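> First the structure, then my questions, so here it is.
There are 2 protein chains.
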Amino acid sequence: MKVKVGVSNRHVHLTDEDIKVLFGSIKKSHDLSQPGMFACDNYVSIKTDKNIIDKVRVVGPSRNYTQIEISKTDAYFLGLNPPVRESGDLSFSEVVTLIGPNGSIKTNGCIIADRHIHITYEDLKKYNLKDSLYVKISGVKEGIIKVNLKPSDKATLELHLDTDDANAFLLKNGDLVEIINRGEENEENDYRW
Amino acid sequence: MKVKVGVSNRHVHLTDEDIKVLFGSIKKSHDLSQPGMFACDNYVSIKTDKNIIDKVRVVGPSRNYTQIEISKTDAYFLGLNPPVRESGDLSFSEVVTLIGPNGSIKTNGCIIADRHIHITYEDLKKYNLKDSLYVKISGVKEGIIKVNLKPSDKATLELHLDTDDANAFLLKNGDLVEIINRGEENEENDYRW
Numbered sequence: 002m003k004v005k006v007g008v009s010n011r012h013v014h015l016t017d018e019d020i021k022v023l024f025g026s027i028k029k030s031h032d033l034s035q036p037g038m039f040a041c042d043n044y045v046s047i048k049t050d051k052n053i054i055d056k057v058r059v060v061g062p063s064r065n066y067t068q069i070e071i072s073k074t075d076a077y078f079l080g081l082n083p084p085v086r087e088s089g090d091l092s093f094s095e096v097v098t099l100i101g102p103n104g105s106i107k108t109n110g111c112i113i114a115d116r117h118i119h120i121t122y123e124d125l126k127k128y129n130l131k132d133s134l135y136v137k138i139s140g141v142k143e144g145i146i147k148v149n150l151k152p153s154d155k156a157t158l159e160l161h162l163d164t165d166d167a168n169a170f171l172l173k174n175g176d177l178v179e180i181i182n183r184g185e186e187n188e189e190n191d192y193r194w
Numbered sequence: 002m003k004v005k006v007g008v009s010n011r012h013v014h015l016t017d018e019d020i021k022v023l024f025g026s027i028k029k030s031h032d033l034s035q036p037g038m039f040a041c042d043n044y045v046s047i048k049t050d051k052n053i054i055d056k057v058r059v060v061g062p063s064r065n066y067t068q069i070e071i072s073k074t075d076a077y078f079l080g081l082n083p084p085v086r087e088s089g090d091l092s093f094s095e096v097v098t099l100i101g102p103n104g105s106i107k108t109n110g111c112i113i114a115d116r117h118i119h120i121t122y123e124d125l126k127k128y129n130l131k132d133s134l135y136v137k138i139s140g141v142k143e144g145i146i147k148v149n150l151k152p153s154d155k156a157t158l159e160l161h162l163d164t165d166d167a168n169a170f171l172l173k174n175g176d177l178v179e180i181i182n183r184g185e186e187n188e189e190n191d192y193r194w
């Protein structure tokens, strides 16, 4: 079973309230692969005491929490130590300042997104999958990574990795990687290439 | 069997001739873990048509080739597509301009270093190791990576990773990771966590 890779560059999800402060309103640029999600023609700067990263894209639609997703490489640059989290889990997330054209906010919500596969509940059941599984990456920098499953009613089957994971394995958008087991919690599990 | 991680940030190795053009001479800052290797108090900028990265450290002693080791993340920033190579193999390496305080040179030699373990010939024989092996990384972003072995007469046993690999697996200098097999080329090989 193969799954397509989607590489997530650093980006932010915003509440309606934070959108208002930073931009007034947001404007859709183009649809993303996951149903209902879209990239916006709106960008923030992420500022910390140590550094600033400009031109970080807003991903819509608005959410009921503001979340800033960066890589570990970004985290070192910004002087942060964000936890690796599933989207929406902002416990112990880092605090940053977001600067938009209309204003700025200081907010928690900065995380490193976990490696996850978007999948429908239907496929989860069909393929008898659990919470996580292992994916094999071939090529000159080969390896196996553990990946969480993120089921929803509507989803395009896709493995989302951040730029650190993608660059470590020389992966790019649309590459195919192989699911090598179904994540059974079994000490005797074999990992065959 | 465990092995210590050494994270290699971007750096350059230089010929005597290139040292002369860029700096006149180099000055040792401190010893590195591999016998005879040292970090210098000398830095270059790496320049391409697209971008520039400043403050890239020189690693001594001089070599009979000039080699620029960057990460895939750096490569995107610089607009390059360097190959993944063992140190010293500069076939199809990228061309960059190195700028020092005394002068600049345009040279090939820009690569992404392969994941490698420094090991003595003695240990290679003792542990019955081959050209490569697999290393397990534990933690919140767990996985297995294939790693080349780089034997020499004198070596400190250490796994060298670039910043992309280190950041993808949340590894830092001095972390311990586990060798899970000895790299036998065997289709039936098992990978047990």
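Top to bottom, those sequences are chains V and H.
In this text, residue positions in the first sequence follow the working numbering: the first is 2, and each later residue adds one.
In this text, residue positions in the second sequence follow the working numbering: the first is 2, and each later residue adds one.
All residues carry an ideal CB built from backbone N, CA and C; glycine is no exception.
Everything numeric in this text was worked out from a predicted model, so none of it was measured.
1. Report the neighbours of residue 165 of chain H on chain V: residues whose CB is nearer than 7 angstroms to its CB, in chain order.
2. Please confirm if the region 134-142 of chain V is in contact with the region 166-183 of chain V, defined as three or more CB-CB distances below 8 angstroms between the two stretches.
3. Does residue 21 of chain H come out as helix, strand or coil in the three-state DSSP assignment?
4. By Cβ distance below 7 angstroms, which residues in the same chain neighbour residue 133 of chain V in space, the five residues on each side in sequence not counted?
5. Taking only three categories from DSSP, how would you classify residue 87 of chain V?
6. Quick check on DSSP: helix, strand or coil for residue 39 of chain H?
7. Let me know the beta strand (DSSP E) ranges lying completely inside the region 112-180 of chain V, each 3 residues or longer, listed in chain order.
8. Does chain V have any CB closer than 9 angstroms to the CB of residue 146 of chain H?
9. Closer than 8 angstroms by C-beta to residue 78 of chain V: which residues in its own chain qualify, once you throw out the five before and the five after it? Chain order, please.
10. Less than 6 angstroms between C-beta atoms, sequence neighbours within five positions excluded: which residues of the same chain meet that for residue 76 of chain H?
11. For residue 96 of chain H, count neighbouring Cβ atoms within 10 angstroms of its own Cβ and tell me buried if that reaches 16, exposed if not.
12. For chain V, find out if any of its Cβ atoms is closer than 9 angstroms to the Cβ of residue 179 of chain H; answer yes or no.
13. CB residue 125 of chain V to CB residue 4 of chain V, shorter than 9 angstroms?
14. Kindly indicate which three-state DSSP category residue 75 of chain H falls into: helix, strand or coil?
15. Roughly how many angstroms separate the alpha carbons of residue 64 of chain V and residue 129 of chain H, rounded to a whole number?
16. With a cut-off of 9 angstroms, does the C-beta of residue 13 of chain V fall near any C-beta of chain H?
17. Tell me the DSSP bridge mates of residue 98 of chain V?
18. Compute the distance between the beta-carbons of residue 14 of chain V and residue 67 of chain V, then report whether it is under 9 angstroms.
19. Output, in chain order, the set of chain H residues within a Cβ distance shorter than 8 angstroms of residue 116 of chain V.
20. Kindly indicate the opening and closing residues of the beta strand (DSSP E) around residue 54 of chain H.
21. CA-CA distance, residue 113 of chain V and residue 28 of chain V?
22. So if DSSP puts residue 9 of chain H in a beta bridge, which residue, or which two residues, is it bridged to?
23. Identify each residue in the region 69-89 of chain H for which the Cβ-Cβ distance to at least one residue of chain V is less than 7 angstroms, and report them in chain order.
24. Around the C-beta of residue 31 of chain V, are 16 or more other C-beta atoms found within 10 angstroms, so that it is buried, or is it exposed?
25. Give me the Cβ distance between residue 91 of chain V and residue 110 of chain V, rounded to the nearest whole Å; I'm assuming they're in contact under 8 angstroms.
26. Taking DSSP as the reference, what is the three-state secondary structure of residue 28 of chain H?
27. Confirm, please, whether the CB-CB distance from residue 153 of chain V to residue 119 of chain V is below 9 angstroms.
28. When the Cα of residue 155 of chain V is compared with those of V:45, V:105, V:177, V:38, which residue comes out closest?
29. Decide if residue 101 of chain H is buried, meaning its Cβ has at least 16 other Cβ atoms within 10 Å, or exposed.
30. Beta-carbon within less than 6 angstroms of residue 71 of chain V's beta-carbon, same chain only, minus the 5 sequence neighbours each way: which residues are those?
31. Within 8 angstroms: the Cβ of residue 179 of chain V and any heavy atom of the ligand FMN?
32. Which residue wins for smallest C-alpha separation from residue 22 of chain H, given the options H:177, H:103, H:107, H:123?
According to the structure data:
1. Walking along the second sequence from the start, residue 165 of chain H turns up at place 164. Simply 165, 168, 169.
2. yes
3. On the second sequence, residue 21 of chain H is found 20 positions in, with the first residue counted as 1. Residue 21 of chain H: helix per DSSP, three-state reduction.
4. For this step, residue 133 of chain V is matched to residue 132 along the first sequence. The answer, listed in chain order, is 147, 148, 149, 150, 184.
5. For the purposes of this step, residue 87 of chain V is taken as the residue at position 86 of the first sequence. Coil, per DSSP.
6. Here residue 39 of chain H refers to the residue found at position 38 when the second sequence is read from its first residue. Note: residue 39 of chain H maps to strand in three-state DSSP.
7. 117-121, 133-138, 144-153, 159-163
8. Along the second sequence, read from residue 1 onward, the residue named residue 146 of chain H stands at position 145. Taking Cβ atoms only, chain V reaches closer than 9 angstroms to residue 146 of chain H, which makes this a yes.
9. Taking the first residue of the first sequence as 1, we reach residue 78 of chain V at position 77. Cβ within range, chain order: 51, 52, 54.
10. Counting from one through the second sequence, the residue named residue 76 of chain H turns up at place 75. Excluding sequence neighbours, residue 76 of chain H sits near 83.
11. Your numbering for residue 96 of chain H matches position 95 in the second sequence. Exposed, since its Cβ has fewer than 16 Cβ neighbours within 10 Å.
12. The residue labelled residue 179 of chain H in the question sits at position 178 within the second sequence. So no, residue 179 of chain H is outside the interface.
13. Here residue 125 of chain V is taken as the residue at index 124 of the first sequence, counted from 1. Here residue 4 of chain V is taken as the residue at index 3 of the first sequence, counted from 1. Not closer than 9 angstroms, so no.
14. By one-based count along the second sequence, residue 75 of chain H stands at place 74. Helix.
15. As a working note, residue 64 of chain V is residue 63 in the first sequence. As a working note, residue 129 of chain H is residue 128 in the second sequence. If you take the alpha carbons of residue 64 of chain V and residue 129 of chain H, they lie about 55 angstroms apart.
16. As a position in the first sequence, residue 13 of chain V is number 12, starting the count at 1. Output row for residue 13 of chain V: interface = no.
17. By one-based count along the first sequence, residue 98 of chain V stands at place 97. V:48, V:107, per the DSSP bridge assignment.
18. Position 13 of the first sequence, counting from 1, holds the residue named residue 14 of chain V. Position 66 of the first sequence, counting from 1, holds the residue named residue 67 of chain V. Cβ atoms of residue 14 of chain V and residue 67 of chain V: closer than 9 angstroms.
19. Stepping through the first sequence from its first residue, residue 116 of chain V is reached at position 115. Ordered by position in chain H, the residues that pass the 8 angstroms Cβ test against residue 116 of chain V are 142.
20. Against the second sequence, residue 54 of chain H aligns to sequence position 53. Here the beta strand (DSSP E) through residue 54 of chain H covers 53-61.
21. In the first sequence, the residue the question calls residue 113 of chain V occupies position 112. In the first sequence, the residue the question calls residue 28 of chain V occupies position 27. Rounded to whole angstroms, residue 113 of chain V to residue 28 of chain V spans 25 angstroms at the Cα level.
22. By one-based count along the second sequence, residue 9 of chain H stands at place 8. Answer is H:163, bridged to residue 9 of chain H.
23. 72, 73, 74, 85
24. Taking the first sequence and counting its residues from 1, one reaches residue 31 of chain V at position 30. It is exposed - the Cβ of residue 31 of chain V has fewer than 16 other Cβ atoms within 10 Å.
25. The residue you call residue 91 of chain V lines up with position 90 of the first sequence. The residue you call residue 110 of chain V lines up with position 109 of the first sequence. Confirmed, Cβ separation roughly 5 angstroms.
26. To locate residue 28 of chain H, count along the second sequence from 1; it is residue 27. Coil at residue 28 of chain H, not helix or strand.
27. Position 118 of the first sequence, counting from 1, holds the residue named residue 119 of chain V. Position 152 of the first sequence, counting from 1, holds the residue named residue 153 of chain V. Contact: yes.
28. Locating residue 155 of chain V in the first sequence gives position 154, counting from the first residue. That would be V:38, whose Cα lies nearest to the Cα of residue 155 of chain V.
29. Position 100 of the second sequence, counting from 1, holds the residue named residue 101 of chain H. Buried: at least 16 other Cβ atoms inside 10 Å.
30. Residue numbering aside, residue 71 of chain V sits at position 70 when the first sequence is read from its first letter. Result list for residue 71 of chain V: 11, in chain order.
31. The ligand FMN is absent from the structure shown, which contains no ligand whatsoever.
32. Within the second sequence, numbered from 1, the residue matching residue 22 of chain H stands at position 21. Among H:177, H:103, H:107, H:123, the Cα nearest to that of residue 22 of chain H belongs to H:103.
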